[in-house]
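*Asks:* Let me give you the structure first, and then I'll get to my questions.
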Amino acid sequence: MSNDFYITSILPHSGIIIKICRAYTDSEEDFEDFYQEACLQIWKSRNAFQEKSKWSTWVYRITLNVCLTLNKRNKRKHVYGEHYSELSEHNKAFENEHLNLLYDAIKQLSEVDRAIILLHLEENPYKEIAVIIGTSANNIAVRINRIKKQLKILLDGKIN
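So for the sequence shown, our numbering puts the first residue at 411; every next one is plus one.
Set out below in structure tokens:
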């Protein structure tokens with residue numbers, strides 16, 4: 411992976427990659443593996459991007475697919491590279507107790523609901539979430555309300 415591609419095409423969207431990988435992992439080691447694999451797959455599939463959606467949507471889809479695939483295989487691949495020194499800064503999220511509780515609650519959601527709430531937390535419009543998930547914007551609005559209620563129930567009493 412070239413340094414230019416990483417800086418111009420991945421790093422600006424690293425927040426999306428980090429949030430998704432964090433929601434599908436339980437340890438910093440797994441997080442780093444998932445993050446690196448997602449970056450590698452984004453790089454490998456860059457020529458398949460047809461600009462029918464935003465680049466950020468493409469990054470989200472690839473990252474989500476990588477996380478789901480790695481979880482299903484129950485294997486962890488380690489991809490070596492020189493572009494991942496930024497990870498140590500992002501891993502500080504594992505030190506925030508409230509954030510850990512939120513991610514623990516999100517992990518209890520179904521895979522689709524987890525994807526929807528992560529997209530919502532990224533402030534994507536309902537219409538864009540609907541395109542990614544393959545449903546209507548109205549359905550997304552209803553599901554987000556239900557997911558928020560479910561997360562509130564899961565988090566009640568855990569966060570003061």
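Every residue, glycine too, gets a C-beta built ideally from N, C-alpha and C.
Buried or exposed for His508, going by 16 or more other Cβ atoms inside 10 Å?
*Replies:* Walking along the sequence shown from the start, residue 508 turns up at place 98. So His508 ends up on the exposed side.
*Asks:* Are Ser516 and Ala448 closer than 8 Å when you measure CB to CB?
*Replies:* The residue given as residue 516 occupies position 106 in the sequence shown. The residue given as residue 448 occupies position 38 in the sequence shown. Going by the sequence as given, residue 516 is Ile instead of Ser. Not a contact, by the Cβ cut-off of 8 Å.
*Asks:* How is Leu460 classed by DSSP in three states: helix, strand or coil?
*Replies:* Position 50 of the sequence shown holds residue 460. For the record, residue 460 in the displayed sequence is Gln; it is not Leu. The answer is coil: DSSP assigns Gln460 none of H, G, I, E or B.
*Asks:* For the structure I just gave you, are there three or more beta carbon pairs, one from the stretch 553-560 and one from the stretch 460-477, closer than 8 Å?
*Replies:* They do not touch, by the three-pair rule.
*Asks:* Determine the DSSP secondary structure at His493, reduced to helix, strand or coil.
*Replies:* Here residue 493 corresponds to residue number 83 of the sequence shown, with the count starting at 1. Confidence at His493 is low in this model, with a pLDDT of 44, below 50, so the placement of that residue should be treated as unreliable; the coordinate-derived value is given next. His493 falls in the coil class under three-state DSSP.
*Asks:* With Thr418 as the anchor, note down where its alpha helix (DSSP H) starts and where it stops.
*Replies:* Position 8 of the sequence shown holds residue 418. Element bounds for Thr418: n/a, residue is neither H nor E.
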